[in-house]
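Protein chains: 2
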Amino acid sequence: MKSIDYSLYLVTDSSSYEEQEFLSAIEIALQNGVTLLQLREKEATSRAFLKKAIQVKKLTDQYHVPLVINDRIDIALAVNADGVHLGQNDIPVKAARRIMGPNKLIGASAKTVEQALEAEKHGANYLGTGAMNPTTTKVITQITSFSTLTEICNAVKIPVVAIGGISKENLWNLKGANIKGIAVVSAILSSSNIQVTTQSLAKEIQELLIENQNIR
Amino acid sequence: MKSIDYSLYLVTDSSSYEEQEFLSAIEIALQNGVTLLQLREKEATSRAFLKKAIQVKKLTDQYHVPLVINDRIDIALAVNADGVHLGQNDIPVKAARRIMGPNKLIGASAKTVEQALEAEKHGANYLGTGAMNPTTTKVITQITSFSTLTEICNAVKIPVVAIGGISKENLWNLKGANIKGIAVVSAILSSSNIQVTTQSLAKEIQELLIENQNIR
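Heads up: the sequence lines are chains A and B, in that order.
Read in order, the letters of the first sequence correspond to residues 1126 to 1341 in this note's numbering.
Read in order, the letters of the second sequence correspond to residues 1126 to 1341 in this note's numbering.
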């Protein structure tokens, strides 16, 4: 499997966009520092999801950014995406690994050390942990504490990405956690200037990751 | 691929059932003449769908009835179902065949001769055509006429199954169409006596299929 840069991981939310606007927004983000992209479409029909995945795959290929599909292994296989991201309501990692084989990237959401170890054991390549902050893009039942995040980072060998309402303003709250990157939705996609915001977030996360390495 | 008996094809609707009641209803139907089962779960999360598919697969294996999963190729692969059924809003047959390989059963919904020929061309194994009557289990935009059904049956070489509000009362309206079976939801699952209803439908459809063969 190719080496993945998790530092600035964009998870999409197309609900507030027209089709072409959405693709333009994604393209600007890919041009300005996003290192990994997850296409997330919770409301679309399978056919509409597939159509969007084909369009987005063209962009991620063009900018050499890996593409991960949320939830739907079949869509990921249909567009030959790099992998899937699986939440706790999606197909379990173990079954996903069996279907997808050893070479696809499988990410899993983990809110607890137990979930993290379970996912790692069954072949997840990375974990998404959060929500670290309140967020408008998902119904959040509980905020993940900084100490839970660090416990998860210390419990597993696979990379951990922090997610949930992360922005330039609260990024440094993650200082000292052994994360490999941040995942954002609205910080980029709800920004009035996606170019500037993405560049700025890409720069800040690099500084944070270096600072975190120096701490340890 | 094993030979499939399409004569009495049950498509599930679990929305009005508790979990155990649902499995009991399916089991009675499988014991009393259903020849093919499609698990259809339009509202469930992927994990809940998978869980139900695992439970239903145990029953279909026990009664040697093939299992088809509606829409979700990943769920079908995860439980090693016999195949999938794809509507016009699902992943297209061509992509599905690529993902699933040559040995899985792929059914497609076709309301027109054009859709039927397209699905057959890309590797569908059978077609579901309807809705032949008004139905309560799906939002129907248009009723398929008997003449469209017969046109589709005559246009393709693959088996055609009629669907949509079919019951013992209106079954003989399908006399003269070269169908290989009927697909039902509520005729069986909303019946107050699933055992008797299934046996009776199984008997009637055999008589209809024989009569149709005699006509041609």
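We put the CB at the ideal spot given by N, CA and C, even for glycine.
Nonlocal neighbours in the same chain, by C-beta distance under 7 Å from residue i, ignoring five residues either side
i	result
G1290(A)	A1256, M1257, N1258, P1259, T1260
A1221(B)	I1198, V1209, L1211, I1231
F1174(B)	E1166, R1197, I1200
Q1180(B)	L1148
I1129(A)	L1161, P1191, L1230
V1238(A)	E1276, I1277, A1280
CA-to-CA distance, residue j to residue i, given in whole angstroms
i	j	result
Q1338(B)	Q1187(A)	56 Å
I1277(A)	T1266(B)	50 Å
P1227(B)	D1215(B)	19 Å
Q1377(A)	V1193(A)	Residue 1377(A) cannot be examined here, being either before or after the span of chain A that is shown, 1126 to 1341.
E1329(B)	I1335(B)	10 Å
T1160(B)	Y1251(A)	43 Å
L1333(B)	W1297(B)	7 Å
A1169(B)	R1341(A)	44 Å
P1191(B)	Q1331(A)	53 Å
V1270(B)	L1299(B)	One detail in the question is off: residue 1270(B) reads as Ser in this sequence, not Val. So the two alpha carbons sit approximately 10 Å from each other.
A1249(B)	S1171(A)	18 Å
A1235(A)	K1229(A)	19 Å
I1319(B)	N1295(B)	18 Å
A1206(B)	E1152(B)	17 Å
L1155(B)	V1264(B)	27 Å
L1184(A)	H1189(B)	46 Å
A1240(A)	N1195(A)	Sequence check: residue 1240(A) is Gln here, not Ala. Rounded to whole angstroms, Q1240(A) to N1195(A) spans 18 Å at the Cα level.
I1268(A)	K1176(B)	28 Å
Q1213(B)	V1286(B)	16 Å
A1150(A)	Y1142(B)	43 Å
R1223(A)	K1127(B)	24 Å
Per DSSP, the bridge partner or partners of residue i
i	result
V1321(A)	Bridge partners of V1321(A): none, in fact.
T1262(B)	Paired residues: none, contrary to the question.
L1192(A)	L1162(A)
G1306(A)	V1286(A)
H1247(B)	Answer by DSSP bridge pairing: none, since H1247(B) is not bridged.
Y1142(A)	The partner list for Y1142(A) (beta bridge, DSSP) is empty, contrary to what the question assumes.
Y1131(A)	Y1131(A) pairs with nothing; no bridge assigned.
I1231(B)	V1209(B)
G1253(A)	S1234(A), V1286(A)
V1359(A)	An answer regarding residue 1359(A) cannot be provided, because it is not within the stretch 1126 to 1341 covered by chain A.
Same chain, Cβ closer than 6 Å to residue i, five either side skipped, listed in chain order
i	result
V1310(A)	V1136, D1138, T1262
T1275(B)	A1302
I1288(B)	G1253, G1255, A1308
A1327(A)	L1133, G1158
V1204(A)	A1178, I1179, K1182
P1284(A)	Y1131, Y1251, K1305
Own chain residues within Cβ distance below 8 Å of residue i, not counting five before or after
i	result
T1322(A)	K1293, A1312, I1313, S1316
Q1145(B)	none
M1225(B)	I1198, A1201, L1202, G1208, V1209, I1231
K1282(A)	E1245
V1218(B)	L1211, I1231, A1233, E1243, A1244, H1247, G1248, A1249
T1273(A)	K1236, T1237, V1238, T1254
*Answer yes if the segment 1159 to 1167 of chain A comes into contact with the segment 1186 to 1200 of chain A, meaning at least three C-beta pairs across the two stretches below 8 Å, and no otherwise.*
yes
Exercise. Does the count of Cβ pairs from the segment 1129 to 1140 of chain B and the segment 1306 to 1318 of chain B closer than 8 Å reach three?
Worked result: yes
key: Contacting positions in the segment 1193 to 1207 of chain A - beta carbon closer than 8 Å to chain B   = D1196, R1197, I1198, D1199, I1200, L1202, A1203
Exercise for the section: Using a Cβ-Cβ cut-off of less than 7 Å, give me the residues of the segment 1219 to 1245 of chain A that come near chain B, in sequence order. Expected result: A1220, I1224
Closer than 9 Å, Cβ to Cβ, to anything on chain B: give me those residues from the segment 1248 to 1272 of chain A, in chain order. none
- If contact means a Cβ-Cβ distance below 9 Å, which residues of the segment 1134 to 1166 of chain B contact chain A? none
Residues in the segment 1270 to 1293 of chain B having any Cβ partner in chain A nearer than 9 Å = none
For the segment 1170 to 1195 of chain B, which residues have a CB atom closer than 8 Å to at least one CB atom of chain A, in sequence order? Those would be T1170, S1171, R1172, A1173, L1175, in chain order.
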